[in-house]
Structures are given as C-alpha cells and as structure tokens.
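Participant:
In the working numbering, the protein residues as written are 65 to 224.
1) Note down the Cα distance separating residue 193 from residue 185, rounded to an integer number of angstroms.
2) Verify whether the separation of the beta carbon atoms of residue 172 and residue 216 is less than 7 Å.
3) Return the first residue and the last residue of the alpha helix (DSSP H) that residue 218 is part of.
4) Would you grab the beta carbon distance between residue 140 and residue 155 for me? Rounded to a whole angstrom, and I think it's under 8 Å.
5) Three Cβ pairs or more, each shorter than 8 Å: is that satisfied between the segment 174-188 and the segment 126-141?
6) Whole-angstrom Cβ separation of residue 178 and residue 205, contact assumed at under 8 Å?
7) What span of residues does the alpha helix (DSSP H) with residue 190 cover, start to end?
8) If you draw a straight line from the C-alpha of residue 134 to the C-alpha of residue 116, how long is it?
9) What is the DSSP secondary structure of residue 253, counted as helix, strand or coil?
10) Thinking C-beta only, is residue 174 closer than 7 Å to residue 212?
11) Who are the Cβ neighbours of residue 53 in its own chain at under 7 Å, not counting the five residues just before and after it?
12) Please return the same chain residues whose Cβ sits closer than 6 Å to the Cβ of residue 208, not counting the five positions on each side in sequence.
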C-alpha cells in the first residue's frame, strides 16, 4: 500500500504520479522485498498442497489395488472350493488377459503423451530459436513415443 501512496504524491510536473512512477521512488525496494517474500510464501504453500495431493492420490491408488487383489483372491478361493479345476484355469487366464490389456493400454497412453511432448517441444524450440536446428532435440521424445506406440500395437497384441 505504501507504493500506492507514493504514486499519488505530487511529482515534479505537479500532477499526481501514475502507478508506474513507483518504480522511480525510494519505496520501490520496500515494495519489491515484500512482494518477494509473498512470492516465496506462495511457492511454499503451492508446493505443499501439490505434494499433499500427490501423496493422497498414491494412497487412494494403493488402496484400490489392495481391494482388487482381495476380491480376486476371494473369487479364486471360492472357485477352487467348488472342486472343478476348469473354472479355476479360466479365471487365471481371464486375470492374465486383463493384466496384459492394462499394460498395453498404459504403454499406448505413455506413447501418445511422449509423442505429443516431443512434438510440442519441437514447436516451442523452433519458435524460440528459428535460425538454429535446436528444435531437432524434440525428435528424441517424439521417437520414443513412436516406439512405445509401435510396441503397444504390434508387440503386445493379445494371443487368443
């Protein structure tokens, strides 16, 4: 607020100063130091909130995996108690198929994200330095994304 008061003071021309005139006053150092501490406080609060959110997401995901494993084991136990081995083998095959499909889907998503990041990096670097071929660095994640997509589509195909 001090910089606002300084900007409303009369200046050499006699008219009230503009808000940009606070850059020319001696109060600017006080204003900039208070803004600097506010900035670092905001960074501390934002990073704390971010890492708290990440830890919560990881905790929720681990609980979900525990619950799925518990239900899967419970179903396998009930099928095994029935006495016939046919349904048990079918259940194991279905679980293996589901797990393989999940891995394939994750590889596909990772490939698309990496491909898009490489393309975006190439565009950004070309806009930043159009005279040099720095943008070719974006080919690294782009090709990694292509390899992940090829891997997920052709190498991880389900065998039925």
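Ideal placement from N, C-alpha and C gives every residue a C-beta, glycine not left out.
Facilitator: Looking at the atomic coordinates:
1) Residue 193 and residue 185 have their alpha carbons spaced roughly 12 Å apart.
2) Taking 7 Å as the cut-off, the beta carbon of residue 172 is found closer than this to the beta carbon of residue 216.
3) Taken as a continuous stretch (DSSP letters only), residue 218 belongs to no alpha helix (DSSP H), as it is neither H nor E.
4) About 6 Å separates the two Cβ atoms, so the contact holds.
5) The segment 126-141 and the segment 174-188 do not touch, with fewer than three beta-carbon pairs separated by less than 8 Å.
6) Your pair residue 178 and residue 205 checks out as a contact, with CB atoms roughly 5 Å apart and the cut at 8 Å.
7) DSSP places residue 190 inside the alpha helix (DSSP H), whose first and last residues are 149-192.
8) Per the coordinates, the alpha-carbon of residue 134 lies some 27 Å from the alpha-carbon of residue 116.
9) Look at the range of the chain in this structure, 65 to 224, and you will see that residue 253 is not part of it.
10) Contact flag set, yes.
11) What is shown of the chain runs 65 to 224, which leaves residue 53 out entirely.
12) Correct list, in chain order: 178.
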